[in-house]
Amino acid sequence: MEWELLEPLFPPRLRYTIPLSNPVPFLVSFIPLFSSFCLLLTDFLILQLGSIIFRNKVPIMIMCMCCVGQDGEKLSLIKLASLIEVSSKKGTRDLNLQNKLMDNIEWLPDSIGKLSSLVSLDLSENRIVAVPATIGGLSSLKKLDLHANRIIELPDSIGDLLSLVYLDLRGNQISALPVALSRLVRLEELDLGSNNLSSLPDSIGSLISLKKLIVETNDLEELPHTIGQCSSLRELRVDYNRLKALPEAVGKIHTLEVLSVRYNNIKQLPTTMSSLSSLRELDVSFNELESVPESLCFATTLVKMNIGNNFADLRALPRSIGNLEMLEELDISNNQIRVLPDSFRMLSRLRVLRVQENPLEVPPRNIVEMGAQAVVQYMADLVEKRDAKTQPVKQKKSWVEMCFFSRSNKRKRNGMDYVKA
Numbered sequence: 001m002e003w004e005l006l007e008p009l010f011p012p013r014l015r016y017t018i019p020l021s022n023p024v025p026f027l028v029s030f031i032p033l034f035s036s037f038c039l040l041l042t043d044f045l046i047l048q049l050g051s052i053i054f055r056n057k058v059p060i061m062i063m064c065m066c067c068v069g070q071d072g073e074k075l076s077l078i079k080l081a082s083l084i085e086v087s088s089k090k091g092t093r094d095l096n097l098q099n100k101l102m103d104n105i106e107w108l109p110d111s112i113g114k115l116s117s118l119v120s121l122d123l124s125e126n127r128i129v130a131v132p133a134t135i136g137g138l139s140s141l142k143k144l145d146l147h148a149n150r151i152i153e154l155p156d157s158i159g160d161l162l163s164l165v166y167l168d169l170r171g172n173q174i175s176a177l178p179v180a181l182s183r184l185v186r187l188e189e190l191d192l193g194s195n196n197l198s199s200l201p202d203s204i205g206s207l208i209s210l211k212k213l214i215v216e217t218n219d220l221e222e223l224p225h226t227i228g229q230c231s232s233l234r235e236l237r238v239d240y241n242r243l244k245a246l247p248e249a250v251g252k253i254h255t256l257e258v259l260s261v262r263y264n265n266i267k268q269l270p271t272t273m274s275s276l277s278s279l280r281e282l283d284v285s286f287n288e289l290e291s292v293p294e295s296l297c298f299a300t301t302l303v304k305m306n307i308g309n310n311f312a313d314l315r316a317l318p319r320s321i322g323n324l325e326m327l328e329e330l331d332i333s334n335n336q337i338r339v340l341p342d343s344f345r346m347l348s349r350l351r352v353l354r355v356q357e358n359p360l361e362v363p364p365r366n367i368v369e370m371g372a373q374a375v376v377q378y379m380a381d382l383v384e385k386r387d388a389k390t391q392p393v394k395q396k397k398s399w400v401e402m403c404f405f406s407r408s409n410k411r412k413r414n415g416m417d418y419v420k421a
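Going by UniProt numbering, the first residue of the sequence shown is number 1, and it counts up by one from there.
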C-alpha cells in the first residue's frame with residue numbers, strides 16, 4: 001500500500017508516491033518545497049491512503065512535519081505561525097521553542113493567544129523584543145520561560161495568566177514591571193535577574209504564594225517594604241545591585257530560609273532579622289557592613305553565614321554569636337576582626353570556618369589552621385582558664401578565729417538549752 005500526495009498549487013501538477021512502510025524520510029526531504037504553504041495546507045493538499053482520500057483536512061502528523069524545520073534549522077515566522085495553528089488544533093500542552101526561532105523574529109504572532117491548552121511554554125534564548133497582549137489567552141499556562149531574550153517591557157495582560165506558577169524573565173532588558181503582575185497569586189517562582197530594574201513595585205507584596213524571588217544583577221537601590229507581605233517566601237536573592245539597606249519588613253517573612261544580598265552597599269542589617277525563625281542561609285558578603293547586630297544571633301536556625309569581604313568596615317562579631325548553635329559554615333574572611341568573642345566556644349556544630357585576611361590575634365594563626373573545631377575548643381579552654389584565674393579563693397581561718405568561732409557556737413547552744421528548759 002502507498003501514499004499518493006497531490007499538490008495542485010505547484011505547476012505542473014506533481015504526484016508523489018510515498019512508501020507506507022517508511023514515509024518520514026520522504027516527507028522531511030520535501031519540507032523545504034512546501035513549508036511556505038503550511039498555512040494553506042488544508043486548502044490545497046489531498047492525501048490518498050490506499051482507497052481512502054483526505055480532502056481539505058490533513059492529519060496533524062503531516063502538518064507538524066511541515067511546520068518544524070530539519071535538524072538544526074530554525075523556524076521562520078511563517079513556520080512559527082503554522083506551528084501555533086497546529087498546536088492550537090491539537091491541544092498541545094507543552095511547547096519548547098528554546099533557541100529555535102530565526103534571529104530576525106523579534107515579535108511573536110498574535111495567534112499565540114490561541115494556545116489555551118498550553119501548560120508549559122519555553123521561548124528562551126531567542127531574540128524576542130516584545131510579547132503580544134494576546135499572551136493573556138494562555139489560560140492554562142503554569143510555566144513560562146522567556147529568559148535570554150531582548151524583551152523591554154511586559155504587557156498588562158501578563159496578569160491574566162492566573163494559573164502561572166513559574167515565570168523566568170532573566171537576561172532581558174526590562175526596566176519596569178506592570179502592576180498587573182500582582183494578579184499572579186499562584187506564582188511560586190519569579191526570576192528577574194540580569195535586567196535593568198531600578199525598583200520593584202509595591203504590588204510585589206500581593207504575590208502571596210511566591211516561594212522564590214531572584215532579582216540579582218539589576219540596579220535596585222532598595223526593596224519595597226511590601227516585601228514583608230510575601231508570606232510564603234523561602235528564598236530571596238538580590239545579589240549584584242546597589243542596595244544601601246534592607247527594609248525592616250524583611251523580618252516579617254517568617255518562612256524565609258535563604259537570604260543572599262552579595263555585592264551591594266549595605267552598611268547595617270535590620271534588627272528585625274531576629275524574627276527570621278526559619279532562616280538557614282545568610283550571605284551579606286562584599287558589602288560595607290560596619291557591624292552585625294546582636295539580634296541576628298536570635299535567628300538560631302542559621303546553618304550557613306557569610307559576612308566576608310566587608311574589608312575595612314567590619315571589626316567585630318556579635319558577642320552573642322554563640323547562640324547560633326546550628327551554625328555549620330561561617331565565612332568572616334577579608335575583614336578587620338582581631339578577636340573572636342567568648343561565646344564562639346558554643347558553636348559545637350561548626351565545620352567550616354574561613355578567617356583569612358583578618359588581623360586575627362585570638363585565636364592565634366596556628367590554631368586557626370587546625371580547623372573550625374580546634375578554634376571552638378581553644379576558645380572554650382581560654383574562657384575556662386580565665387574564669388579559673390578570676391574566681392576568688394577562700395582563705396583558711398587562723399587558729400585564733402577558729403577558737404573564737406568554737407566558743408561562740410558553744411554559747412549559742414547553751415542559750416538554746418536554757419530556753420528549752
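Note that beta-carbon positions come from the ideal geometry of N, C-alpha and C, so glycine has one too.
This one's a predicted model, so the numbers in the text were calculated from it and none came from an experiment.
Practice prompt. Would you identify the three-state DSSP class for Arg354, choosing helix, strand or coil?
Written response: In the sequence shown, residue 354 corresponds to position 354, counting from 1. DSSP places Arg354 in strand when its eight states are reduced to three.
Discussion item. Give me, in chain order, the residues of the same chain whose beta-carbon lies closer than 6 Å to that of Leu177; leave out the 5 immediate sequence neighbours on both sides.
Written reply: Translated into the one-based positions of the sequence shown, residue 177 becomes position 177. If we look at Leu177 and ignore the five residues flanking it on each side, its Cβ neighbours are Pro201.
Worksheet item: Quick one, are the C-beta atoms of Ile78 and Leu108 less than 8 Å apart?
Response: Within the sequence shown, numbered from 1, the residue matching residue 78 stands at position 78. Within the sequence shown, numbered from 1, the residue matching residue 108 stands at position 108. No. Outside cutoff.
Worksheet item: Is the distance from the Cβ of Leu349 to the Cβ of Asp331 below 8 Å?
Response: For this step, residue 349 is matched to residue 349 along the sequence shown. For this step, residue 331 is matched to residue 331 along the sequence shown. The identity of residue 349 in the sequence shown is Arg, whereas the question assumes Leu. Against a cut-off of 8 Å, the Cβ pair of Asp331 and Arg349 comes out as no contact.
Discussion item. Per the DSSP calculation, Ser305 is bridged to which residue(s)?
Written reply: Looking up residue 305 in the sequence shown gives position 305. According to the sequence shown, residue 305 is Met rather than Ser. DSSP, once it has assigned bridges, lists Leu282, Leu330 as partnering Met305.
Discussion item. On the DSSP bridge list, what partners appear for Asp342?
Written reply: Sequence index remark: in the sequence shown, residue 342 carries index 342 (1-based). According to DSSP, Asp342 bridges with nothing at all.
Worksheet item: Which one or two residues does DSSP pair with Lys143 in a beta bridge?
Response: On the sequence shown, residue 143 is found 143 positions in, with the first residue counted as 1. Its beta-bridge partners are Ser120, Tyr166.
Fill in: Exposure label - His254; buried when at least 16 CB within 10 Å
Translated into positions along the sequence shown, residue 254 becomes position 254. Looking at its Cβ environment, which holds fewer than 16 other Cβ atoms inside 10 Å, His254 is exposed.
Item to complete: Mind checking which residues open and close the beta strand (DSSP E) that includes Asp219?
Response: As a first step, residue 219 is located in the sequence shown; it is residue number 219 there, counting from the start. Premise fails: Asp219 is in no beta strand (DSSP E) and is neither H nor E.
Worksheet entry | Proximal residues to Phe344 (C-beta, below 8 Å), its chain only, five neighbours per side dropped | As a working mapping, residue 344 is identified with position 344 in the sequence shown. Result list for Phe344: Leu317, Ile321, Gly322, Val375, Val376, Met379, in chain order.
Item to complete: Measure from the alpha carbon of Asn335 to the alpha carbon of each residue in Leu314, Leu83, Thr217, then state which is nearest.
Response: Looking up residue 335 in the sequence shown gives position 335. When each option's Cα is compared against that of Asn335, the closest is Leu314.
Item to complete: Work out the CA separation of Thr390 and Glu384 for me, nearest whole Å.
Response: Counting from one through the sequence shown, the residue named residue 384 turns up at place 384. Counting from one through the sequence shown, the residue named residue 390 turns up at place 390. C-alpha separation (whole angstroms): 10 Å.
Practice prompt. Counting only the same chain and skipping the five closest in sequence on each side, list residues whose C-beta sits under 8 Å from that of Glu125.
Written response: Along the sequence shown, one-based indexing puts residue 125 at 125. So the list reads Gln98, Asn99, His147, Ala148, Asn149, once near-sequence residues are dropped.
Worksheet item: Secondary structure at Arg237, three-state DSSP: helix, strand or coil?
Response: Taking the first residue of the sequence shown as 1, we reach residue 237 at position 237. Strand at Arg237.
Discussion item. For Leu121 and Leu141, what's the separation of their Cα atoms in angstroms?
Written reply: For the purposes of this step, residue 121 is taken as residue 121 along the sequence shown, with counting starting at 1. For the purposes of this step, residue 141 is taken as residue 141 along the sequence shown, with counting starting at 1. Each residue's Cα considered, the two are about 8 Å apart.
Worksheet item: Could you give the C-beta distance for Val250 and Thr272, rounded to a whole number, given that I count them as a contact under 8 Å?
Response: Taking the first residue of the sequence shown as 1, we reach residue 250 at position 250. Taking the first residue of the sequence shown as 1, we reach residue 272 at position 272. Indeed they touch by this definition, with Cβ atoms about 7 Å apart.
Discussion item. Let's see if you can read the secondary structure: which residues bound the alpha helix (DSSP H) around Asn366?
Written reply: In the sequence shown, residue 366 corresponds to position 366, counting from 1. Run containing Asn366: 365-368, per the alpha helix (DSSP H) assignment.
Worksheet item: Quick one, which of His225, Asn241, Val258 has its alpha-carbon nearest Leu265's?
Response: If you number the sequence shown from 1, residue 265 lands on position 265. Here residue 265 is Asn; the residue named in the question, Leu, does not match the sequence. Checked all of His225, Asn241, Val258; the closest Cα to Asn265 is Asn241.
Practice prompt. Check the DSSP bridge columns for Ser320 and list the partner residues they point to.
Written response: In the sequence shown, the residue the question calls residue 320 occupies position 320. None, per the DSSP bridge assignment.
Worksheet item: Per DSSP, Val261 is paired with what?
Response: Numbered from its first residue, the sequence shown carries residue 261 at position 261. BP columns for Val261 are empty, so no partner.
Item to complete: Give the single residue among Met346, Tyr263, Leu360 whose Cα lies nearest to the Cα of Arg338.
Response: Your numbering for residue 338 matches position 338 in the sequence shown. The option with the nearest alpha carbon to Arg338 is Leu360.
Item to complete: Return the CA-CA distance between Ser295 and Lys114, expressed in angstroms with no decimal places.
Response: Stepping through the sequence shown from its first residue, residue 295 is reached at position 295. Stepping through the sequence shown from its first residue, residue 114 is reached at position 114. Distance between the alpha carbons of Ser295 and Lys114: 54 Å.
Worksheet item: Beta-carbon separation of Glu153 and Ile135 under 8 Å?
Response: Translated into the one-based positions of the sequence shown, residue 153 becomes position 153. Translated into the one-based positions of the sequence shown, residue 135 becomes position 135. Not in contact: Glu153 and Ile135 (Cβ atoms no closer than 8 Å).
Practice prompt. Please name the residue, chosen from Ser163, Ser209, Ser198, that lies closest to Glu188 on a Cα-to-Cα basis.
Written response: Locating residue 188 in the sequence shown gives position 188, counting from the first residue. With distances taken between Cα atoms, Glu188 lies closest to Ser209.
Worksheet entry | Ala374 in three-state terms, based on DSSP | Against the sequence shown, residue 374 aligns to sequence position 374. Note: Ala374 maps to helix in three-state DSSP.
Discussion item. Taking the straight line between their C-alpha atoms, what separation do you get for Lys244 and Arg280?
Written reply: One-based indexing of the sequence shown puts residue 244 at position 244. One-based indexing of the sequence shown puts residue 280 at position 280. Taking the straight line from one Cα to the other gives about 23 Å.
Worksheet item: Terminal residues of the continuous alpha helix (DSSP H) containing Glu85?
Response: As a first step, residue 85 is located in the sequence shown; it is residue number 85 there, counting from the start. First-last of the alpha helix (DSSP H) with Glu85: 77-90.
Worksheet item: Using a Cβ-Cβ cut-off of 6 Å (strictly less than) and excluding sequence neighbours within five positions of Leu169, which residues of its own chain qualify?
Response: Within the sequence shown, the letter at position 169 stands for residue 169. Here the set comprises Leu146, Leu192.
Fill in: Neighbourhood of Arg237 by C-beta, 6 Å cutoff - its chain only, sequence neighbours within 5 removed
For the purposes of this step, residue 237 is taken as the residue at position 237 of the sequence shown. Result list for Arg237: Ile214, Glu216, Ser260, in chain order.
Discussion item. Taking the beta carbon of Met370 as the centre, do at least 16 other beta carbons fall within 10 Å, making it buried, or is it exposed?
Written reply: Taking the sequence shown and counting its residues from 1, one reaches residue 370 at position 370. It is exposed - the Cβ of Met370 has fewer than 16 other Cβ atoms within 10 Å.
Worksheet entry | Contacts around Arg111, its chain only, beta-carbon distance under 8 Å, and the 5 residues preceding and following it disregarded | Here residue 111 refers to the residue found at position 111 of the sequence shown. The sequence shown places Ser at residue 111, not Arg. The answer, listed in chain order, is Ala81, Ile84, Glu85, Ser88, Thr134.
Practice prompt. Could you please give me the residues that DSSP links to Asp156 through a beta bridge?
Written response: The residue labelled residue 156 in the question sits at position 156 within the sequence shown. Answer is none; Asp156 lacks a bridge partner.
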